[in-house]
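Take a look at the structure below.
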Amino acid sequence: MLRLIAILILMGWSLITGFLPARAQGWSHGPLEWQELGKGLYFAQVTVFDDHRGVGFISVVRIDPNYNAFRIFHGNPQTIIAWQEYSGALVLFNASYFRPNDEPCGLIIADGELWGPYNNYAMRGMFVSEPKGISPDLPRATILDLTVTRIQPKNLPWTQGVQSFPLLLDSQGRIRVKKTSLIAPRTVICTDRKGNILVINSPDKYFTLYELARFLKTSEFDIDTALNLDGGSMAQLFIKTSEFSFSSPSFLERQARELIDPRMVLLPTVIGVFPRPK
Numbered sequence: 001m002l003r004l005i006a007i008l009i010l011m012g013w014s015l016i017t018g019f020l021p022a023r024a025q026g027w028s029h030g031p032l033e034w035q036e037l038g039k040g041l042y043f044a045q046v047t048v049f050d051d052h053r054g055v056g057f058i059s060v061v062r063i064d065p066n067y068n069a070f071r072i073f074h075g076n077p078q079t080i081i082a083w084q085e086y087s088g089a090l091v092l093f094n095a096s097y098f099r100p101n102d103e104p105c106g107l108i109i110a111d112g113e114l115w116g117p118y119n120n121y122a123m124r125g126m127f128v129s130e131p132k133g134i135s136p137d138l139p140r141a142t143i144l145d146l147t148v149t150r151i152q153p154k155n156l157p158w159t160q161g162v163q164s165f166p167l168l169l170d171s172q173g174r175i176r177v178k179k180t181s182l183i184a185p186r187t188v189i190c191t192d193r194k195g196n197i198l199v200i201n202s203p204d205k206y207f208t209l210y211e212l213a214r215f216l217k218t219s220e221f222d223i224d225t226a227l228n229l230d231g232g233s234m235a236q237l238f239i240k241t242s243e244f245s246f247s248s249p250s251f252l253e254r255q256a257r258e259l260i261d262p263r264m265v266l267l268p269t270v271i272g273v274f275p276r277p278k
């Protein structure tokens with residue numbers, strides 16, 4: 001009898017909607033519509049679907065390194081808004097993991113100055129930018145796969161860099177992270193196949209690292225390589241231009257977190273985006 005009722009409910013659903021509920025199809029996202037923030041700088045916010053069910057949204061910044069420069073800031077922990085006021089960056093987002101004493105877990109290069117351990121073999125990737133001098137052979141910004149590329153920290157040709165882990169996707173399209181059940185807010189930095197840098201932030205708890213890698217692999221973002229940055233309450237994105245302002249998490253949620261525990265929103269290291277001089 002119960003089975004018959006269930007069948008009738010499904011039949012009624014199909015008559016109303018025109019189709020039966022879809023079986024598990026995995027992750028997808030809504031339409032991708034870019035908003036121009038500046039020369040070579042774009043923003044989009046898209047709905048995330050899990051088996052055709054909307055679970056939230058992600059924010060994406062697309063950055064063309066030919067028109068925009070990156071700079072790493074490391075120092076006493078402060079809010080991302082304070083970092084923006086200090087730096088004047090158009091876009092700011094959190095960097096990699098740090099220890100209880102606010103020292104980075106992996107190597108950081110800020111304006112050519114090295115911070116943190118030179119050889120933490122847990123680090124699987126490194127975002128680097130702003131090569132020294134002018135070299136046509138060096139990209140202005142890219143992600144190094146540290147399992148393939150051996151580096152000498154003191155001899156790196158870039159003046160800015162952040163090591164992190166895990167590498168979610170490599171340049172061969174392989175998912176490089178194992179399945180877990182841990183979900184958390186995420187920040188990811190990616191390269192696409194046109195040489196752009198993508199910063200992707202998910203403010204809510206719906207992605208494991210593996211599922212995030214799956215989502216990115218099948219997305220319309222044309223991703224080449226994806227490197228995970230710090231997550232949880234440290235996963236933050238802030239944009240401020242003359243005509244546009246955006247915060248993830250929202251300004252209201254950020255204020256609520258500060259009331260609960262100010263340390264939840266303080267960042268010792270951030271990555272800033274600036275327009276290149278004309």
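Residue 1 is where the sequence shown starts when you use the working numbering, and the numbers rise one by one after that.
Using N, Cα and C, we set each Cβ at its ideal position, and we do this for glycine too.
Cβ neighbour criterion (16 or more within 10 Å) applied to residue i
i, result
"alanine 256", "exposed"
"proline 262", "exposed"
"proline 100", "exposed"
"asparagine 155", "exposed"
"serine 96", "buried"
"serine 233", "buried"
"glutamine 236", "buried"
"asparagine 196", "buried"
"glycine 54", "exposed"
"alanine 22", "Reliability fails at alanine 22, whose pLDDT of 29 lies under 50, so the model's placement of it is uncertain and no value is given."
"isoleucine 200", "buried"
"leucine 20", "Low per-residue confidence applies at leucine 20: pLDDT is 30, beneath 50, and the placement is therefore not dependable enough to give any value."
"isoleucine 260", "exposed"
"proline 277", "exposed"
"phenylalanine 165", "buried"
"asparagine 119", "exposed"
"phenylalanine 251", "exposed"
"proline 136", "exposed"
"arginine 124", "buried"
"glycine 173", "exposed"
"glycine 116", "buried"
For residue i: DSSP bridge partner residues
i, result
"leucine 216", "In the DSSP output, where bridge partners are listed per residue, leucine 216 has none listed."
"leucine 41", "Gly38 and Ile63"
"glutamine 160", "Ser129"
"isoleucine 108", "Trp115 and Val162"
"proline 275", "Asn68"
"alanine 141", "Ser129"
"aspartate 50", "Trp27 and Arg53"
"threonine 269", "His74"
"leucine 167", "Leu227"
"isoleucine 175", "Leu169"
"isoleucine 58", "Val46"
Own chain, CB closer than 8 Å to residue i, minus 5 neighbours either side, in chain order
i, result
"threonine 280", "Nothing about residue 280 can be read from this structure; the chain reaches only from 1 to 278."
"histidine 29", "Val46, Thr47, Val48, Phe49, Ile58, Phe215, Ser219 and Glu220"
"asparagine 76", "Asp102 and Pro268"
"leucine 168", "Ile175, Arg176, Val177, Val188, Leu209, Leu212, Ala213, Leu216, Ala226, Leu227 and Asn228"
"arginine 140", "Pro65, Asn66, Ala69, Ser129, Glu130 and Pro131"
"tyrosine 206", "Val48, Asp50, Val55, Gly56 and Ile183"
"valine 265", "Thr79, Ile80, Ser233, Gln236, Arg254, Arg257 and Glu258"
"leucine 222", "Just to set this straight, residue 222 is aspartate in the shown sequence, not leucine. Asp192, Arg193 and Lys194, listed in sequence order."
"aspartate 230", "Asn94, Ala95, Ser96, Tyr97, Phe98, Ser164 and Thr187"
"alanine 24", "For alanine 24, the pLDDT reaches just 32, beneath the cut-off of 50, and the residue's location in the model is therefore unreliable, although a value from the coordinates is still provided. If we look at alanine 24 and ignore the five residues flanking it on each side, its Cβ neighbours are Asp51."
"isoleucine 151", "Met126 and Leu144"
Neighbourhood of residue i by C-beta distance below 6 Å, restricted to the same chain and skipping five residues each side
i, result
"tryptophan 34", "Tyr42 and Ala44"
"leucine 90", "Thr241 and Val273"
"proline 203", "Pro185, Ser248 and Pro249"
"glutamine 122", "For the sequence presented, residue 122 should be read as alanine rather than glutamine. Once the five neighbours on either side are set aside, the close Cβ partners of alanine 122 are Phe165."
"phenylalanine 246", "Ile239"
Cutoff 7 Å; reference residue i; Cβ partners in own chain excluding five residues on either side
i, result
"leucine 138", "Pro131 and Pro157"
"glutamine 84", "Leu92, Phe238 and Lys240"
"threonine 142", "Val128 and Thr191"
"arginine 62", "Trp34, Tyr42, Asn196 and Leu198"
"phenylalanine 244", "Leu37"
"leucine 32", "Ala44, Val46 and Glu220"
"proline 153", "Leu107, Leu114 and Tyr118"
"aspartate 224", "Ser171, Thr191, Asp192 and Arg193"
**Runs of alpha helix (DSSP H) lying entirely within the region 63 to 100, each at least 4 residues, in chain order** = 80 to 87
**Message:** Would you call the region 149 to 169 in contact with the region 92 to 111, where contact means no fewer than 3 C-beta pairs closer than 8 Å?
**Reply:** yes
**Item:** Cβ contact (3+ pairs, closer than 8 Å) linking the region 60 to 77 and the region 146 to 154
**Value:** In short, these stretches do not touch, since the Cβ pair count stays below three.
**Request:** Note down, one range per segment and in chain order, each beta strand (DSSP E) of at least 3 residues found wholly within the region 183 to 263.
**Result:** 184 to 192, 197 to 207, 223 to 228, 237 to 240 and 245 to 248
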